[in-house]
Every structure is written in structure tokens, then in C-alpha cells.
Amino acid sequence: MDFDDRRVDVGGVQDRRGGGLRGGGLRGGGLRGGGLRRGGRGVPVAVGGGGLGVVGLLLVLAVNLLGGGGGAGGGGFDLSQVQPGVLGSGPLAGGESTAELEERCNGEGALERYADCFVIKVSNEVDEVWTEELPAATGVDYRPPSLVFFSGGTSTGCGGASSEVGPFYCPPDEAIFLDLDFLDQLQAQFGAEGRYATAYIVAHEAGHHLQTLLGTERQVRAAQQAGPDRRNALSVALELQADCYAGVWGRQADDRGNLSVTGAEVDQALRAAAAVGDDRIQQRTQGRVDPESWTHGSAEQRRSWYERGFTTGDPAACDTFAR
Numbered sequence: 044m045d046f047d048d049r050r051v052d053v054g055g056v057q058d059r060r061g062g063g064l065r066g067g068g069l070r071g072g073g074l075r076g077g078g079l080r081r082g083g084r085g086v087p088v089a090v091g092g093g094g095l096g097v098v099g100l101l102l103v104l105a106v107n108l109l110g111g112g113g114g115a116g117g118g119g120f121d122l123s124q125v126q127p128g129v130l131g132s133g134p135l136a137g138g139e140s141t142a143e144l145e146e147r148c149n150g151e152g153a154l155e156r157y158a159d160c161f162v163i164k165v166s167n168e169v170d171e172v173w174t175e176e177l178p179a180a181t182g183v184d185y186r187p188p189s190l191v192f193f194s195g196g197t198s199t200g201c202g203g204a205s206s207e208v209g210p211f212y213c214p215p216d217e218a219i220f221l222d223l224d225f226l227d228q229l230q231a232q233f234g235a236e237g238r239y240a241t242a243y244i245v246a247h248e249a250g251h252h253l254q255t256l257l258g259t260e261r262q263v264r265a266a267q268q269a270g271p272d273r274r275n276a277l278s279v280a281l282e283l284q285a286d287c288y289a290g291v292w293g294r295q296a297d298d299r300g301n302l303s304v305t306g307a308e309v310d311q312a313l314r315a316a317a318a319v320g321d322d323r324i325q326q327r328t329q330g331r332v333d334p335e336s337w338t339h340g341s342a343e344q345r346r347s348w349y350e351r352g353f354t355t356g357d358p359a360a361c362d363t364f365a366r
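Read in order, the letters of the sequence shown are residues 44 to 366 in the working numbering.
Have a look at this one:
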């Protein structure tokens, strides 16, 4: 995939790697290890058991993947294109000022060498597309989410989070949280490879941000509280809609010239979406499939809704609640 320019804007980035809460702490409880725990203004996510008990306020792409939880997702980064050590806890993982991060990410070859710079650039392009497309399609103005890099654990408005949570979006903070080390594990365990697979991850989390801006998340949370028996089904609908929005962004970005993608790269996103279906996650981690515990959707559902978004390029085509 090729971008229309190489400029990387780090203005909306908080870098908490290296153990500090850099860039100002987000509201929330402390880290208690092993995923997300109660704290802050968000509704907590129950980690463990047969699945992910998503109440609707915290929308997580990957939860308890290593511990055997059923509700999970994620994507990988093409490690063959990244300088050794960049994704780990080496000298580039934290310890930089915003000015230093901006200088590094705007250096020659930075988008190919550094995973964080690539993720930031994708986030820039996501924001650029939705700044125009969201008000045009819905009449709702778009405001960019923050992008927070962390390592090990961090505090959020949804509670404390560890690296095991994977990439996630926290509505109270309007922020996407990402530990780059986790992308390595997602690639190794689920084969979600390629630069465009990583773009899918960012676009999916941005899809959850759209749900916050549009009021969808709030409405679904109320419906889940009113009807607990529909909690998982509504969570699946939210996740599939975020997949569809990710596909819409992919089509719009390509059509508008923000980036150009090949058919093979679109296949990377489709494979990544399928690889993190609840059925595949459960089969790998538990040796059995339990549809009643699904919170993100099956491999076929996730692939299909991403493809629908990419094919139509229309947010109105993403009504997963009417299916």
C-alpha cells in the first residue's frame, strides 16, 4: 500500500511506553493485571471463562487471547518490513519527546522501518477520510480519537489495562490504545500478516469511535442493560459494524487517493478479519466452539461485513442491527 504523502502528524499521539503515563494520564483505575478491571467511568469487561462479557461501553478488539477467552480479535504487522527491535522494549520504545517522535516518523523510510510510525500514519489517513465522510453521510461532525501507545499496562477511563487486552478503544477517553508488542503475537498465532492487516486493526478501532460519536454505543449499552439476554448478540453487532466501517474507510481512502491498495492487500484485511472470528479463536484456545458466548462474530461474519463495507464504501450499508 502506498500513501499519497509521507507526512506523519503525531499531534494526537500519547506515548506511554517505558512505564510512564506520558502525555497526561487518562482517567481510570489502576492496573490489576490480566486484562481489564473495574475502574474509572467505563463499564468493566469480565475476563476469562467461556467468553468476553462485553457490557457495551468498552469495545475491545482482542481480549484475553492468551488466557483462553472466547471473545477476541486483532491483527498483525508484517515484521519482515520492520527494523529489528523496534516492536520490542528497546531504546525506541518510549523515552522520546513528541518532537523526537515526529522527527523520527518523518525521516526517510520511517513508514517502512518503524511500526509505530506506520500506525500513526494510518491513523492520520483514517481521520482525514472520516473528517469529510462522516458529516457528509450522517450530518455528525467528526473529531479524531487520541492514539495511545503503551507497554505492559496503562490506566484508562475504562479501567486498568494490560498488554493481554490487545488493541482496544475506550469510549470515555475517546482513545485507541495499542501495545505494539501484541501485534507480534497476533501475527505469530493467527497469521494475520501484512501492512494492510495492521491498517484494518486501526480502522476497526476507529469504527468503534464512530459508534461513540453517532450515539450507537450509548444506545446499545442501554439495550444491553435492559435486556441482559441480548448482551452478546448486541456486542457481536457492534463488532461487525466496526468491521464494516473499517471496510468503508478502506474503499473511501482508496477512491479519494489517500492511499492505494492492491487486491492482494485487500485480501490481507479479509484474512485478518476472518482470522479473529470468535469460532476460530475458540477452536484454537479452547478446542471447542460455543456460539452462545460469541461477542465479536464468526470468521465468516467478520470477513463478510468488512467486505461489504469495502465494496459499497457507504456507512449506511453497515446496519448490522437489522440483519
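The beta-carbon is built from N, C-alpha and C at its ideal position, and this holds for glycine as well.
- Annotation: the continuous alpha helix (DSSP H) that includes PHE353 extends over 342-355.
- The secondary-structure analysis by DSSP pairs THR197 across a beta bridge with ALA204.
- By the neighbour-count definition (other C-beta atoms within 10 Å, threshold 16), ALA265 is an exposed residue.
- By the Cβ-count criterion, ASP297 is buried, with 16 or more other Cβ atoms from all chains shown falling within 10 Å of its own Cβ.
- Per DSSP, reduced to three states, the secondary structure at TYR212 is strand.
- Per DSSP, the unbroken beta strand (DSSP E) holding VAL56 starts and ends at 56-58.
- Where PHE364 is concerned, there is no enclosing alpha helix (DSSP H), because DSSP gives it neither an H nor an E.
- Note on ARG274: 16 or more other CB atoms within 10 angstroms of its CB, so buried under the neighbour-count rule.
- Here VAL191 carries a strand assignment [DSSP, helix/strand/coil].
- The DSSP-derived three-state label of ASP45 is strand.
- SER140 counts as exposed, since fewer than 16 other beta carbons sit within 10 angstroms of its beta carbon.
- Of the residues assessed, VAL183 falls on the exposed side of the cut-off, its CB having fewer than 16 other CB atoms within 10 angstroms.
- Within the same chain, and ignoring the five residues on either side of LEU302 in sequence, the residues whose Cβ sits closer than 7 Å to its Cβ are MET44, ASP45, PHE46, ASP47, GLU168, ALA296.
- Of all C-beta pairs linking the segment 344-359 to the segment 308-328, three or more are shorter than 8 Å, placing the two stretches in contact.
- Per DSSP, TYR243 is one residue of the alpha helix (DSSP H) stretching across 238-257.
- Between GLY356 and GLN311, the C-beta gap is not smaller than 9 Å, which leaves the two residues out of contact.
- Cβ-Cβ separation between GLN267 and LEU277: approximately 5 Å, consistent with a contact (criterion under 8 Å).
- For ALA280, same chain residues with a beta-carbon under 7 Å away, outside a window of 5 residues either side, are THR363, PHE364 in chain order.
- Residue environment for ALA179: exposed (fewer than 16 other C-beta atoms within 10 angstroms of its C-beta).
- Contact check for CYS287 and TYR349: beta-carbon distance about 7 Å, within the 8 Å limit, so the pair qualifies.
- With a beta-carbon spacing of about 6 Å, ARG351 and ALA360 fall inside the 8 Å limit used to define contacts.
- Secondary structure note for VAL162: its alpha helix (DSSP H) is the uninterrupted segment 158-181.
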